[in-house]
Structures are given as C-alpha cells and as structure tokens.
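Each step along the first sequence adds one to the number in this note's numbering, with nothing skipped, and position 279 is 279. Where is the CB? At the ideal position from N, CA and C, for every residue including glycine.
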Amino acid sequence: METEAPELLERKVQTRREGLPELPNLDGRKPVLRFAPNPNGPLSFGHSRGLVINGQYAKDLDGELILRFDDTDTTVKPPMLEAYESIPEQQEWLCGFSAHRIVIASERMEHYHDHARMMLERGFGYVCTCSGEEFKAFRVSMTECPCRNNEDSNNLQLWEKMNDPDGFQPGDAVLRVKTDMTLKNPALRDWPAARIQTNSHPRVGNKWRVWPLLDFQSAVEDHLQEVTHIIRGKDLMDSTRKQTLLYEHFGWKYPETIYWGRVKVHEFGSFSTSQMKRDIAEGKFSGWDDARLPTLSALSRRGIRPDSLRSFWIELGLTQKDIAVPLSTLYSHNTKIIDPDAPRLAFVRNAFPIVLNGEYPKSGKIQSHSDTEMPPRNYSIEEGVWIEQEDSGKSIRLKDLCDIDVDGNVESIDRSDKRPVVHWVAGGKPSTLTIADGQDLKIVEGILEDHSYPVGTIVQLERIGYAIIENDGLLMTHD
RNA sequence: GCUCGUAUAGUGUAGUGGCCCAUCAUGAAGCCCUCUCGAGGCUUCGACCCGGGUUCAAAUCCCGGUACGAGCACCA
C-alpha cells in the first residue's frame, strides 16, 4: 500500500476557518447591515459585539453599515442627547470607519404612522382598548379580544382618537398586529405595535403622541432601508417571528437573520445603562469613563485598543451558545497589540531608598524595549536608588546596573548569579498608579522614573504590567 | 406553565457522514531566549452532555432524556 497509494496513508492537513463565517444567502448582493442601540446612554462593552460583527461584514463584503438610533421610548428609557454625539464617535473608533448611514427613529415617525394606518386600512391591525391585564387573559386562553373585530373604518377613528390629546390617554389603547390567537408561541399572539406616550421627547418634543414599539418600528425601518442581514442576540428570536408575521401581511421579504448567544463577563458583573446613569449621578463613579465601568469610553481610556475588541469578538464568532468569558482573553488580544509600542518604564511601589556603596556606572543608558528600536532612557545616580519595599532586605540584582547585597554594597557589575532581578528608579517623581479592581479603585503610591512621554502613551511598567499615562498619574491597563 | 434555542479540553472556538486516536487560541506546567513576574520560541496537559437508533462508517443525521439560557412588556 505504501508504494501503490501513498496518498492514502498521509494524514491530510485539517483546514481551519479563519475569521467570520460566510454570510448566508448573499446572492451576489452587497450586504446592508445595521446596528441599533438605544441612545439612553453611551455605548458599552456589550454593544461592541454588534458593532464589530455587523461592521466587519459590511467592511469585508463592501456593503453598508447603518447606525440606527432606536429612540422611541420616552418613558422607560428616555433618550440622552449627548448619546447622539458620542455613539457615532465611538462607532468610528471601534470599527475604524464611520457608518454609511445614520437613521434616527424619532425623526422618521411619519413613516411609522403611515404604515400603522396602512395596517388598519388593509385590515391586519386593530386598535385595542383592553387593559394589559385583560389582554393577557386573552393571550393565555387563546381567545380573541372583542376589539379584534372592529370595522376598518372604526379602527381608523380609534387611531385618530389615540393621536388626539383630548382622546385616549396613555394606557387606554394600543395598536395591535392581527396574527392568530391560537399560535403555539404565546409571544406572537396579536402583538402590540404602538402605544401612547405623552412625555416630551428630547429631540422632537411633543410632536408625536403615538409611538411605535421596537418590533414595529424596527420591522418597518429594516424594510425601508433595504437591510439584507440582521445579526443580533438570540433573545430577539421571537422578535424575528413577530416581525416576519408583519412582513407577510405587507407582502415583504424578511431579511436573513443570524443570532448570537449571551455573553457574560464575570469581572463586569451586571451593569445596565440606567443603573450606571444613577450611580454616576450619585457620585459612585466619576463619569461614564470611570475605569471600573464596562463602557467603551472607560475601556478606551484604560488603553484597550479597538483592534483588540475586534479580534476578541471575531474570535468568539457567531455561535448561539451562551458563554462566559474572562476579561483576560480580551487583555491577551490587547497585549499583542500594545506590547511592541509600549516603552518600558520603572515604577517603584512603596519606595524604599537604598544607598549604593562601591564602584558602579553612575550614569548611563538603558534600553526602552528589548525587541524594538526605541530611543534608550538615561539614568543618573547621586548616591542611591529607590527599590520596592518588598525587594529590600535581600541580595538583589538591580536590573541593567549591578548586583548588591542587603546593605547596598555593590558586589558585581555583571550578573554574577541567579539572584532576583529587580527594577529601580534613580531620582524620579512621586506618582500614583490607579487600578480598577471590580467595584474598587485601588491607588498605589510610588516613584516613577523620569520620562518625557506624552499623556495617553501606553507604557509597560517593568514587573507590573501595562499602564497609560494620564495627567495626574498612571492608570493600569492590565497585566 | 407555554414557546423557542444551545450543548466539542478550565475558558472560548474549528468541524455539517469517512480527511477526526478531533483544529486553533487562551489557560496551566516545563524548557529556551531575554539583565522585567512582559514579549518571542518550543514541549506537555486537556474535550465531542447522557441513552437509544439510522449507516459499511456518526462530533456530524434521527428520537428520547438531562443541563443551561432566552421570550411570553403599552422596554430596547
């Protein structure tokens, strides 16, 4: 066999798919994708998945990314005006390009109202005046609510009454999509499409009274924008089903839909935008970029690079599995990106002075990075150096300088044995290293080597980890 | 309760009937390099949820079980 058919004995090389899976049913089209956050706050780590995946497909396949503000709730999740500015900036920071289109739902209300009327005229929608409790009973018992049989003309009158400030009040009536009350999935039975809200909207004020709900607004807008692929969390699976029923009524074709599962990052615990907003207002956090928060502004401030987030999410892929990932996975992506450009610097925590006795080079140059060419750093010693308290009281090797004994007597210039190598600072300036540790912010005092790197430079503190230089000290990036 | 979904090493992930005694990354352990507890290089460890079935052949298809998650809002 070896001579007759050697190829049968060879182990074939396994091929591994790289990057994102192919987009299904593209049919030669350029994909149109969208990412639709609620502008009730700035973007968080969780949002970055949607942005990265949708953005990456748009970029790779020469398609388009729509950034859509789903700001139709003025009551539970009131929009925050600053977010209309910060979200596009963060989107560009993360994706590396700006979205091809920006759509703001609150400015497209005419379209939603037009389609709502169309629904009533064509008889696949109705105005329901049952209370939430009453309708729930109908849904559970699979029976039709009396409002379902309204005449189309009557529905249009009721619709006008919903829009009339002197007519229905919030809670009195909703617009429903006629599906089928005997559908197996209770979530799909005559689902609500719009309701009355009288709170003022920060962008359009009181111009509108009847506001669409997500499933209706999103469905109509996806059609109007000719979205080809929707990629979103699997918690929205029933949304797809609800919206597909609406599309059937309108005679439209629903976009291709792909889902991902839930991601839990243990270190971040459970933060919600509204909870963060409250905590910031109460002074529990310094702002949206407080290093302890999982916001993109906080991650960016700490020195997490957008390309790290991109490779992180792309590596996780598009499985529907619910997963728990440690932050160290993101950090390992980030290390690969920042390490080549991170100059080495010494920061001595709990500084302990030690006087050097003997002959040694009192000034000189030390490499800033062992693997890349960077201008070296200079040192100049008067009589002694700072070392960390923890390193005192034993024979040590001062990195790139000399071996010393417990009392600071120089024993050798060259490395003479396996004693621990320790970092040190000659001169330097007092500084602080701020470390975000869960809900706590640890501030470590120390002496930082003199340097001339500008604010925003990511450095590697020898034997400690990566940190970013801020105006008033150092902020820990990660180990 | 009803409905829907997922299940590959510690953590993620590749894999759609024979290239699989299962990929890659991360993690852990060890070695090399390096005057950092960093980076880089090498080696090792480690997995197809369970039970049936279909088939010459199953991680892959079917059925049942179990576990976990999500939806059933006048939130997104």
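The way I'd put it, the region 300-310 does touch the region 333-348; three or more beta-carbon pairs between them come closer than 8 Å.
For Phe-352, the three-state secondary structure derived from DSSP is strand. In chain order, Thr-72, Ala-105, Tyr-112 place their CB closer than 6 Å to the CB of Gln-217, counting only its own chain and leaving out the 5 sequence neighbours on each side. Only buried fits His-229, as 16 or more other CB atoms lie within 10 angstroms of its CB. Following the DSSP letters along the chain, one finds Val-406 in no beta strand (DSSP E), marked with neither H nor E. Apart from the 5 residues on each side of it in sequence, Gly-428 sits with its Cβ closer than 7 Å to the Cβ of Trp-386, Ile-447, Leu-448, Glu-449, Asp-450 in its chain, given in chain order.
As computed with DSSP, Pro-192 is found in a beta bridge with Arg-176.
Between Val-32 and Glu-64, the CB-CB gap stays under 8 Å. Counting along the chain, Glu-315 sits inside the alpha helix (DSSP H) bounded by residues 306-316. Assignment of Leu-61 by DSSP, reduced to helix, strand and coil, places it in the coil class.
The three-state reading of DSSP puts Asp-440 in strand, counting E and B together. Comparing alpha-carbon positions, the option among Met-162, Pro-353, Met-118, Asp-279 lying closest to Ile-196 turns out to be Met-162.
Where Trp-211 is concerned, the enclosing beta strand (DSSP E) starts and stops at 210-212. Around the beta carbon of Leu-81, fewer than 16 other beta carbons sit within 10 angstroms, so the residue counts as exposed. Boundaries for Met-109: no beta strand (DSSP E) harbours it, while the alpha helix (DSSP H) harbouring it runs 109-121, taken from the DSSP string. Rounded to whole angstroms, the gap between the alpha carbons of Ser-416 and Asp-403 is 7 Å. Burial state of Thr-75 is exposed, judged by a 10 Å Cβ sphere holding fewer than 16 other Cβ atoms.
Distance from Arg-203 to Pro-79 at the Cβ level is roughly 7 Å; contact confirmed, criterion being Cβ atoms closer than 8 Å.
One thing to note: Val-459 has its Cβ within 8 Å of the Cβ of Ala-467. Note that the C-beta distance between Ala-193 and Val-177 is below 8 Å. Excluding its 5 nearest sequence neighbours in each direction, Tyr-57 has C-beta neighbours in its own chain below 8 Å: Leu-20, Leu-23, Pro-31, Leu-33, Gly-63, His-229, Ile-231, listed in chain order.
A straight line joining the alpha-carbon of Glu-151 with that of Arg-117 spans about 14 Å. Listed in chain order, the non-local C-beta contacts of Val-355 below 8 Å within the same chain comprise Glu-383, Gly-384, Gly-408, local neighbours out to five positions each way being set aside.
Going by DSSP, Ala-137 is part of the alpha helix (DSSP H) stretching over 132-141. Non-local C-beta neighbours of Met-237 in its own chain, meaning closer than 8 Å and more than five positions away in sequence, comprise Tyr-259, ordered along the chain. Contact between the region 42-54 and the region 294-301 is present, with at least three C-beta pairs closer than 8 Å. Taking the Cα of Cys-147 as reference, the smallest distance to any Cα among Gly-167, Phe-124, Ile-314 is reached at Phe-124.
Membership of Trp-260 in the beta strand (DSSP E) is indicated by the continuous run 256-260. For Met-237, DSSP assigns no beta-bridge partner whatsoever.
Shown here, Lys-336 sits in a helix according to DSSP, grouped into three states. Bridge pairing for Pro-430: Ile-447 [DSSP]. Boundaries of the alpha helix (DSSP H) around Trp-93: 83-95.
In the three-state scheme derived from DSSP, where H, G and I count as helix and E and B as strand, Leu-398 is classed as strand. Ala-173 and Thr-15 have their alpha carbons spaced roughly 58 Å apart.
The beta carbon of Val-210 lies closer than 6 Å to those of Met-162, Asn-163, Ala-194, Ile-196 in the same chain, with the five residues before and after it left out. Using a C-beta cut-off of 8 Å, the region 395-402 makes contact with the region 358-368, since at least three inter-stretch Cβ pairs fall below that distance.
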